Amino acid sequence: MIQPAPSSEESQNAQIRLSDVPDGGGRFGSFGGMYVPETLIDALYQLESLYLKVREDKQFWDRLSDLNRSFVGRPVPLYEARGLTRRARRINQDRELGAAIWLKREDLAHTGAHKINNTLGQALLAKKMGKKRIIAETGAGQHGVASATAAAHLGLRCEVYMGAEDVRRQSLNVVRMKMLGARVIPVDSGSRTLKDATNEAMRDWMGSVEHTHYILGSVVGPHPFPAIVRDFQSVIGRETKAQALRNFGKLPDSIVACVGGGSNAAGMFYPFIDDTDVGLVGVEAGGRGPSTGEHAAPLSHGKPGVLHGSLSYVLQDPDGQTAGVHSCSAGLDYPGVGPEHSYWKDAGRVEYTDVTDDEALEAFLWCARDEGIICALETAHAVADAVNRAASMHKDQNLVINLSGRGDKDVEEAARLLGDRLDRHA
Ligand SMILES: *Cc1c(COP(=O)(O)O)cnc(C)c1O
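Residue numbers are given in my numbering: position 229 of the sequence shown equals residue 240, and the series is strictly consecutive.
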């Protein structure tokens with residue numbers, strides 16, 4: 012059949028690239044937006060207009076690159092994981108199968124994870140706005156520590172909201188923040204965890220925006236936060252692209268990253284989003300399994316809804332209330348996800364899947380024993396999917412795992428969950 016010539020509107024649509032978001036209203040397709048009380052709208056518009064200027068300010072990005080080099084230790088390596096590659100090749104026992112596995116080593120960034128990429132960028136933004144105080148929310152404490160670190164380095168005052176329950180569970184990170192000069196404010200409302208700390212931080216910001224910048228910790232929240240955090244984290248994907256061309260002479264065939272709020276995945280994926288030959292895979296926390304309802308996988312098992320100021324996939328109960336979630340890893344234990352991931356999911360550009368606590372724990376040991384790298388439990392979700400995925404790819408192909416962080420923070424919890432398995436040596 013002869014295809015009709017595309018109308019001018021259709022040919023224009025063909026020009027629209029997936030990377031051209033958010034639109035002027037802060038939308039990623041139908042997701043995103045600014046679902047906030049009126050008192051916050053002014054602060055968000057102010058931040059948006061400044062950020063639009065900074066995006067074009069070469070001096071700002073040069074200064075951030077300098078800090079990334081001298082203080083964070085970037086670029087971090089793209090390292091060939093021969094041990095994990097051998098493991099993948101043993102699975103199918105087929106000479107033609109088993110992609111080479113590479114690790115993007117965000118665990119080697121200062122403070123041990125990708126979170127510093129965002130906090131340093133936003134702290135610099137705060138300075139640019141002439142604001143001398145920053146606030147942040149934190150769950151397990153990783154984003155709080157990264158915020159306190161950036162504040163100490165750049166001479167800003169820092170206060171971190173943290174659920175009282177998390178203050179108790181994550182005492183080491185509370186001490187780290189205090190050592191770095193930050194004040195930790197325990198939050199006693201609600202479930203006394205991350206969700207409540209986020210509400211309190213937003214409430215603080217409504218009354219303090221004149222002199223305070225709020226550093227949100229992932230690609231979530233109202234516009235313009237998802238775009239700002241994505242842009243600061245995109246250093247991961249840009250470096251990976253250059254390193255892939257240098258190390259194996261082409262782009263990766265597949266890239267796998269874990270998804271909590273979605274910032275390490277967004278930063279890795281965004282520079283590749285228009286390279287449609289590169290397969291992108293986001294791995295959510297499958298917890299005790301999808302049928303149990305005890306998981307944290309909104310893209311795989313949730314519905315569109317509003318949480319913390321934006322429209323995105325959210326885990327909800329039958330009444331549409333935000334559901335309780337579970338994951339063995341604190342960084343993935345969140346009922347929502349960034350709006351851009353919802354957009355990528357519905358566009359069919361990124362494949363989202365989930366991995367259970369048990370599978371992640373197993374992969375945590377693979378990474379430690381095959382590579383000599385103790386990765387974060389969050390990251391172990393990506394490793395579990397990636398090794399199985401590489402097993403059925405061609406041996407000439409390359410798969411990159413975003414190694415989002417190191418696992419020192421998780422060894423106690425992992426040992427408890429592994430039990431006897433820790434003493435078994437296969
Ligand atoms: C916080 C954290 C995550 C999850 O957050 P994203 O915004 O989804 O990246 C993943 N890995 C590590 C090591 C973390 O600290």
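We put the CB at the ideal spot given by N, CA and C, even for glycine. Since we're looking at a predicted model, the values are computed, not measured.
Please classify Thr104 as buried or exposed, where buried requires at least 16 neighbouring CB atoms within 10 angstroms. In the sequence shown, residue 104 corresponds to position 93, counting from 1. A small correction: the amino acid at residue 104 is Gln; Thr does not occupy that position in the sequence shown. The residue is exposed, with fewer than 16 neighbouring Cβ atoms inside 10 Å.
For the beta strand (DSSP E) containing Glu148, name the first residue and the last one. Indexing the sequence shown from 1 puts residue 148 at position 137. Note, Glu148: beta strand (DSSP E), 144-149.
Met173: first and last residue of the uninterrupted beta strand (DSSP E) it sits in: The residue labelled residue 173 in the question sits at position 162 within the sequence shown. Note, Met173: beta strand (DSSP E), 168-174.
Ile112 versus Leu429, Asn399, Ser60, Ala426, residue with shortest Cα-Cα distance: Here the question's residue 112 lines up with position 101 in the sequence shown. Looking at the Cα atoms, Asn399 is the closest of the given residues.
Tell me whether the beta-carbon of Lys343 lies closer than 8 Å to the beta-carbon of Ala296. Start at 1 with the first residue of the sequence shown, and residue 343 comes out as number 332. Start at 1 with the first residue of the sequence shown, and residue 296 comes out as number 285. The sequence given here has Leu at residue 343, not Lys. A contact, by the Cβ cut-off of 8 Å.
Segment limits, alpha helix (DSSP H) that includes Ala308: Counting from 1 along the sequence shown, the entry for residue 308 is found at position 297. Segment: none, Ala308 is in no alpha helix (DSSP H) and carries neither H nor E.
Do you know offhand how far Pro237's Cα is from His436's? Working through the sequence shown from its first residue, we reach residue 237 at position 226. Working through the sequence shown from its first residue, we reach residue 436 at position 425. The straight-line gap from Cα to Cα measures roughly 43 Å.
Would you give the residue range spanned by the beta strand (DSSP E) that Lys115 belongs to? Taking the sequence shown and counting its residues from 1, one reaches residue 115 at position 104. Annotation: the continuous beta strand (DSSP E) that includes Lys115 extends over 111-116.
Counting C-beta neighbours from all protein chains within 10 Å, is the total for Ala395 16 or more, i.e. buried, or is it exposed? For the purposes of this step, residue 395 is taken as residue 384 along the sequence shown, with counting starting at 1. The residue in question, Ala395, is buried, as its Cβ has 16 or more Cβ neighbours within 10 Å.
For my contact list, Thr149 and Gly228 are in at a C-beta cut-off of 8 Å; report their separation, rounded to the angstrom. Position 138 of the sequence shown, counted from the start, is the residue given in the question as residue 149. Position 217 of the sequence shown, counted from the start, is the residue given in the question as residue 228. Beta-carbon to beta-carbon, Thr149 and Gly228 are separated by about 7 Å, close enough to satisfy the 8 Å threshold.
Closer than 7 Å: Leu310 CB and nearest ligand 1 heavy atom: Taking the sequence shown and counting its residues from 1, one reaches residue 310 at position 299. Not so, every heavy atom of ligand 1 lies at least 7 Å from the Cβ.
Measure the CB-CB distance between Gly298 and His337 and report whether it falls below 8 Å. If you number the sequence shown from 1, residue 298 lands on position 287. If you number the sequence shown from 1, residue 337 lands on position 326. A contact, by the Cβ cut-off of 8 Å.
Where the alpha helix (DSSP H) containing Glu49 begins and where it ends: Numbered from 1 along the sequence shown, position 38 holds the residue referred to as residue 49. Unbroken alpha helix (DSSP H) run through Glu49: 49-66.
Could you give the distance in angstroms between the alpha-carbon of Glu250 and the alpha-carbon of Pro86? Translated into positions along the sequence shown, residue 250 becomes position 239. Translated into positions along the sequence shown, residue 86 becomes position 75. Roughly 7 Å separates the two Cα atoms.
Examine ligand 1 and report whether any of its heavy atoms sits within less than 7 Å of the Cβ of Ala111. For the purposes of this step, residue 111 is identified with residue 100 of the sequence shown, where counting begins at 1. Ala111 Cβ: outside cutoff for every heavy atom of ligand 1.
On a CA-only basis, which of Asp357, Asp369, Gly232 is nearest Gly43? Give me that one, please. Numbered from its first residue, the sequence shown carries residue 43 at position 32. Selected option, being the one with the closest Cα: Gly232.
Work out the CA separation of Val246 and Lys439 for me, nearest whole Å. Beyond the ends of the chain as shown, which are 12 and 437, falls residue 439; an answer cannot be given.
Tell me the start and end of each unbroken beta strand (DSSP E) in the stretch 337-379 that is at least 3 residues and wholly inside, in chain order. 361-367
Run the CB neighbour count on Lys314, radius 10 Å, all protein chains shown included, and call it buried at 16 or more, exposed below. In the sequence shown, residue 314 corresponds to position 303, counting from 1. That one is exposed.
Val195: which of Tyr172, Ala425, Val411 sits nearest, CA to CA? The residue you call residue 195 lines up with position 184 of the sequence shown. Of the candidates Tyr172, Ala425, Val411, the one whose C-alpha sits nearest the C-alpha of Val195 is Tyr172.
Own chain residues within Cβ distance below 7 Å of Leu58, not counting five before or after: Translated into positions along the sequence shown, residue 58 becomes position 47. Hits under 7 Å: Pro235.
Less than 7 Å separating the Cβ of Ser60 from some heavy atom of ligand 1? The residue you call residue 60 lines up with position 49 of the sequence shown. No, the beta carbon of Ser60 sits no closer than 7 Å to any heavy atom of ligand 1.
Which word fits Ile450, buried or exposed, when buried means at least 16 other C-beta atoms lie within 10 angstroms of its C-beta? Residue 450 is absent from the model: the chain starts at 12 and stops at 437.
Minimum C-alpha distance to Asn258 - residue among Tyr90, Lys64, Arg427, Ile27: Position 247 of the sequence shown, counting from 1, holds the residue named residue 258. For Asn258, the nearest C-alpha among the options comes from Tyr90.
Can you give the Cα-Cα distance for Leu429 and Met404, rounded to whole angstroms? Within the sequence shown, the letter at position 418 stands for residue 429. Within the sequence shown, the letter at position 393 stands for residue 404. Their Cα atoms are separated by approximately 30 Å.
DSSP three-state call for Ile226: helix, strand or coil? On the sequence shown, position 215 is the one that residue 226 refers to. Three-state DSSP puts Ile226 in a strand.
Please find out if some non-hydrogen atom of ligand 1 comes closer than 7 Å to the beta-carbon of Thr204. Against the sequence shown, residue 204 aligns to sequence position 193. Answer for Thr204: no, Cβ out of range of ligand 1.
Validate contact between the stretch 166-186 and the stretch 107-123 using beta carbons, cut 8 Å, 3 pairs: Counting Cβ pairs under 8 Å, fewer than three are found: no touch.
Excluding the five sequence neighbours on either side, which residues of its own chain have a C-beta within less than 6 Å of the C-beta of Met12, listed in chain order? Position 1 of the sequence shown, counting from 1, holds the residue named residue 12. Below a pLDDT of 50, predicted positions are generally treated as unreliable, and Met12, at 40, falls in that range; the measurement from the model is reported next regardless. For Met12, there are no CB contacts under 6 Å within the same chain when 5 residues up- and downstream are skipped.
Decide yes or no for the touch test of the stretch 51-69 against the stretch 210-224: beta carbon pairs closer than 8 Å, at least 3 of them. yes
Identify, in the order they occur along the chain, each residue of the same chain with its Cβ nearer than 7 Å to the Cβ of Gln254, setting aside the five sequence neighbours on each side. In the sequence shown, the residue the question calls residue 254 occupies position 243. Hits under 7 Å: Leu89.
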